[in-house]
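Below: one structure, written as structure tokens.
Residue numbers (our numbering): 388 to 457.
What follows is the structure in structure tokens.
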């Protein structure tokens with residue numbers, strides 16, 4: 388499966404937050420679908436409109452991500 392990457396640092400690992408400030412790690416497929424890194428958890432209650440990069444200070448919408456091409 389191919390994943391979108393951060394437009395700033397180029398990694399494919401992100402997190403989303405809920406209202407309590409809890410975080411959950413996610414990735415975004417080339418089809419712009421958010422998928423959990425840990426499949427045993429749930430995205431229920433998490434804000435999927437804003438992503439935060441695990442590698443740098445970037446945050447934004449999934450539409451701002453870019454495809455990684457070799």
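For glycine and all other residues, C-beta sits at the position ideal for the given N, C-alpha and C.
If you look at residue 448, you'll find it isn't in any beta strand (DSSP E); DSSP assigns it neither H nor E. With a cutoff of 8 Å on beta-carbon distance, residue 432 and residue 405 are scored as near each other. With a cutoff of 8 Å on beta-carbon distance, residue 437 and residue 394 are scored as not near each other. Closest option to residue 410, judged by alpha-carbon separation, among 429, 419, 388 and 396: 429.
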